[in-house]
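Quick note on numbering: numbering that gives the first Met the number 0 labels position 449 of the sequence shown as 448, and the sequence is numbered without any gaps. Quick reminder that beta carbons are idealized off the backbone N, C-alpha and C, glycines included. As structure tokens, the structure follows; a few thoughts come after it.
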Amino acid sequence: MTGRTSQPNREGESVSEERVPVLIVGGSTVGLSCAVALVRHGVPAVVVERRGGLSIHPRATGVQPPAREFFRAVGLEEQITRASAALVPSTSKINVTALTDDLSTVERYPTPPPGLIEVTNRISPTRGGPCAQDQIDRVLLDAAVDGGVAVHFNTELVGFAQDDDGVTVTLADRDGERTRTVRADYLIAADGARSTVRDLLGIATTGEDDLTNPMVNMLFQADLADLVRGREFAFCEVKGDGFEGILVAVNNTDRWVFHVTVEDEGETLEDYPPQRCRDLVRAAVGIPDLDVEILGRLTWQMSSRVAESTCSGRVFLVGDAAHTIPPIGAFGLSTGISDGHNLAWKLAMVVRGEAGRGLLDSYEAERLPVARFAQEQTLLRFRNLHLQWSTGPEVEKARAALRIADPLVLGFGYQYDSRAVIGARGEVPSLEDVALDLDGHPGSRLPHGWVELKGERVSTLDLAGPGFVLLTGPDGHDWCRAAEDAVRGVSLTAHRVGTGGDADLVAEDRTWLATAGLGPGGALLVRPDNVVAWRSPGPARDPDRVLREVLTHLLDLPA
């Protein structure tokens, strides 16, 4: 998939130019997720990252269930589970004056609430839960490299030009001594909130900056294991004498992050040298002579911005390059990972010649509304923080009045409306009950259900792989025969779902077919990203023709 071509330089001499199918700019979580997703679809990408290596900063620690479902889909669920093992007990928020307060008596606010966990267990084969982002990056990097992805650190994009056949990208080593040119079929910009690619494209963003004062993020090492054992937390608001901040668990033993608000206008990171940071950490912990090593410092400021467009020709924006989501509720990381999950299979099919380029238009049509919805919802939460940690009927009534969506609706309730969906409804049926949004309607995420396949217990969400899957009712024999060669070259696997008999998928829950809107002879087409692309509640007179027309339309193929 990669190679080299020759082209004349200004002097007419032949020079070598690297050719790749997909170049990803940005080697953090979202960029690496895109690379791993492309590997799953048989397209080895090239990743370039301006930093010298992976970030040591944990950054986000909240990992929503949609991100966990992505890790499951690409075969990394077990690795992520191991990486997050140290944070399993970190499921609450607490408020203290110092960490030496009696943590057994402080009020705890569950994160997430128990009711949310119960619903997640019903609608998903995986779980949410904290995991330090630097740990996620290590898992993704190893998987990407093992899959054949070339990852180049200390390399930054300094310019690019695109035409009808590809994108010519100029890359430079960070030392400035060497530049080279790469020719890519497509370019993915995962280069963060200050995206160079987005700026070069001239794509504006809308939203709000400076939602809070700047924050200083201190990554530090200190042995606090005995202090928190049995009293673990996800994060801890500390309000001490003359300062306040947020203490975040990274491994519940000796690795932590402390965020403090910059109160004095004009202060910068230079005003927070290691000694001042050590003093602040000691005050927050409540041990004046605590042995503290500052591992890293950075500044950040909460903002909320969404790009006006997420694609231009052969260039696509993902993650923070496309949307900067405030951290309230921990939706930013999951939204970015879902961008890559959506884009990768489409790019792979187009690169392989199995779909027309019109399929790629569906990326912006589907993901940009999701980003805007996430922006709107996180801002609502930010402006009503008193509702974030409170419970009770009055709180639920206030949330409903403000149209604050349930967290699972924000993660799973999207309703895509694009050419890659036939029969979309567009609007989210419910902001309160995610189960009403996951009803098998085209454009929604396939309902999860446990089924038995060849003696193995799997989720319906495990069935869609690099190709499409057609799920039918127990009487869907004609649909299955039609799927055998619906469109030549397009991978399509068919299964009949029932509660017994000769169905090759035996559903544990007898109501799953009804939940998915499938009659005994109906059919439901699922995309590689587990989105329902099309549904026929019952049989068709000519299933061969119907399936062929459906796939031809979805994939922008010649009729």
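Is the beta carbon of Asn-216 closer than 8 Å to that of Leu-342? Along the sequence shown, one-based indexing puts residue 342 at 343. Along the sequence shown, one-based indexing puts residue 216 at 217. No; because the gap between Cβ atoms is not below 8 Å, this pair is not in contact.
Thr-514 - containing alpha helix (DSSP H), residue span: Counted from its first residue, the sequence shown places residue 514 at position 515. 511-514 is the extent of the alpha helix (DSSP H) around Thr-514.
Give a yes or no on contact between the region 174-188 and the region 243-262, applying the rule of three or more CB pairs nearer than 8 Å. no
Identify the residues that DSSP records as bridge partners of Ser-303: which are they? The residue labelled residue 303 in the question sits at position 304 within the sequence shown. Paired residue(s): Glu-207.
Contacting residues, own chain, Cβ-Cβ under 8 Å from Leu-407 (five flanking each side not counted): Within the sequence shown, residue 407 is the residue found at index 408, counting from 1. Once the five neighbours on either side are set aside, the close Cβ partners of Leu-407 are Pro-64, Leu-115, Val-118, Thr-119, Ile-122, Val-433.
Put Asn-8 into one of helix, strand or coil per three-state DSSP. Here residue 8 corresponds to residue number 9 of the sequence shown, with the count starting at 1. Since pLDDT at Asn-8 reaches only 36, below the 50 mark, its modelled position is unreliable, and no value is offered.
State the Cα-Cα distance for the pair Val-105 and Asp-222, rounded to the nearest angstrom. Within the sequence shown, numbered from 1, the residue matching residue 105 stands at position 106. Within the sequence shown, numbered from 1, the residue matching residue 222 stands at position 223. The alpha-carbon atoms of Val-105 and Asp-222 are separated by roughly 22 Å.
Using the Cα positions of Thr-110 and Phe-234, report the straight-line distance between them to the nearest angstrom. Position 111 of the sequence shown holds residue 110. Position 235 of the sequence shown holds residue 234. Cα to Cα, the separation comes out at about 10 Å.
Could you spell out the range, first to last residue, of the beta strand (DSSP E) harbouring Cys-479? Looking up residue 479 in the sequence shown gives position 480. Cys-479 -> not in any beta strand (DSSP E); alpha helix (DSSP H) instead, spanning 476-482.
Report, in whole angstroms, the separation of the C-beta atoms of Gln-132 and Leu-332, which I expect to be a contact under 8 Å. Sequence index remark: in the sequence shown, residue 132 carries index 133 (1-based). Sequence index remark: in the sequence shown, residue 332 carries index 333 (1-based). The pair is a contact, with the Cβ atoms about 7 Å apart (cut-off 8 Å).
Could you give the distance in angstroms between the alpha-carbon of Leu-93 and the alpha-carbon of Arg-126? Position 94 of the sequence shown, counting from 1, holds the residue named residue 93. Position 127 of the sequence shown, counting from 1, holds the residue named residue 126. The displayed chain sequence assigns Ile, not Leu, to residue 93. Approximately 22 Å, taken between the alpha carbons.
If the criterion is Cβ atoms closer than 8 Å, does the pair Ala-59 and Ala-400 meet it? Numbered from 1 along the sequence shown, position 60 holds the residue referred to as residue 59. Numbered from 1 along the sequence shown, position 401 holds the residue referred to as residue 400. No; because the gap between Cβ atoms is not below 8 Å, this pair is not in contact.
Can you list, in chain order, the residues of its chain with a C-beta nearer than 7 Å to that of Val-549? Leave out the 5 residues immediately preceding and following it. Locating residue 549 in the sequence shown gives position 550, counting from the first residue. Ile-421, Leu-524, Trp-533.
Between the beta-carbon of Thr-323 and the beta-carbon of Ala-423, is there less than 8 Å? In the sequence shown, the residue the question calls residue 323 occupies position 324. In the sequence shown, the residue the question calls residue 423 occupies position 424. Taking 8 Å as the Cβ cut-off, Thr-323 and Ala-423 do not qualify as a contacting pair.
Would you mind sorting Ile-55 into buried or exposed? The rule is 16 or more other CB atoms within 10 Å of its CB. The residue you call residue 55 lines up with position 56 of the sequence shown. With a threshold of 16 other beta carbon atoms within 10 Å, Ile-55 falls short and is exposed.
Applying the 10 Å Cβ sphere with the 16-neighbour rule, what's the burial state of Glu-455? Reading the sequence shown from its first residue, position 456 is the one you call residue 455. It counts as exposed.
Answer yes or no: do Ala-44 and Leu-22 have a C-beta to C-beta separation smaller than 8 Å? Counting from 1 along the sequence shown, the entry for residue 44 is found at position 45. Counting from 1 along the sequence shown, the entry for residue 22 is found at position 23. Contact: yes.
In three-state terms, what does DSSP make of Pro-129? By 1-based counting over the sequence shown, the position of residue 129 is 130. Correct three-state label for Pro-129: strand.
At least 3 beta-carbon pairs within less than 8 Å: the region 527-541 vs the region 434-451: yes
Which residues does DSSP list as the beta-bridge partners of Asp-528? Within the sequence shown, the letter at position 529 stands for residue 528. Secondary-structure assignment with DSSP links Asp-528 through no beta bridge to anything.
Under 8 Å between the Cβ atoms of Val-47 and Thr-180? By one-based count along the sequence shown, residue 47 stands at place 48. By one-based count along the sequence shown, residue 180 stands at place 181. For Val-47 and Thr-180, no; Cβs fall outside 8 Å.
Can you list, in chain order, the residues of its chain with a C-beta nearer than 7 Å to that of Gln-220? Leave out the 5 residues immediately preceding and following it. Within the sequence shown, numbered from 1, the residue matching residue 220 stands at position 221. Only Asp-253, Arg-254, Glu-292, Leu-294 meet the Cβ criterion.
Report the option in Pro-538, Asp-278, Asp-319 whose CA atom is closest to the CA atom of Gly-239. Indexing the sequence shown from 1 puts residue 239 at position 240. Comparing Cα positions, the closest option is Asp-278.
Do you know how far the Cα of Gly-488 is from the Cα of Ile-245? Here residue 245 is taken as the residue at index 246 of the sequence shown, counted from 1. Here residue 488 is taken as the residue at index 489 of the sequence shown, counted from 1. Distance between the alpha carbons of Ile-245 and Gly-488: 53 Å.
Beta-carbon proximity list for Ala-539, same chain, < 6 Å, skipping 5 on both sides: Numbered from 1 along the sequence shown, position 540 holds the residue referred to as residue 539. When the five nearest sequence neighbours on each side are left out, the beta carbons in the same chain lying within less than 6 Å of the beta carbon of Ala-539 are those of Val-545, in order along the chain.
My assumption, with CB atoms under 8 Å, is that Leu-98 sits in contact with Val-284. Please give the rounded CB distance. Here residue 98 is taken as the residue at index 99 of the sequence shown, counted from 1. Here residue 284 is taken as the residue at index 285 of the sequence shown, counted from 1. With 8 Å as the limit, Leu-98 and Val-284 qualify as a contact, their Cβ atoms being about 5 Å apart.
In DSSP terms, what Glu-365 is bridged to: In the sequence shown, counting from the first residue as 1, residue 365 sits at position 366. Bridge partners of Glu-365: none, in fact.
Using the three-state DSSP reduction, which class does Met-0 fall into: helix, strand or coil? Position 1 of the sequence shown, counted from the first residue, corresponds to residue 0. Low local confidence applies: a pLDDT of 39 at Met-0 is under 50, so the model's placement there is unreliable, and no value is given.
Comparing alpha-carbon positions, which option in Ile-286, Val-196, Val-486 lies nearest Ala-320? Counting from one through the sequence shown, the residue named residue 320 turns up at place 321. If we check each option's Cα against that of Ala-320, Val-196 comes out closest.
From the DSSP output, read off the bridge partner residues of Pro-109. Position 110 of the sequence shown, counting from 1, holds the residue named residue 109. Paired residues: Ser-91.
If you follow the beta strand (DSSP E) that Leu-469 is in, where does it begin and where does it stop? On the sequence shown, position 470 is the one that residue 469 refers to. For Leu-469, the uninterrupted beta strand (DSSP E) segment begins and ends at 467-471.
Where Ile-55 sits in the DSSP three-state scheme: If you number the sequence shown from 1, residue 55 lands on position 56. The answer is coil: DSSP assigns Ile-55 none of H, G, I, E or B.
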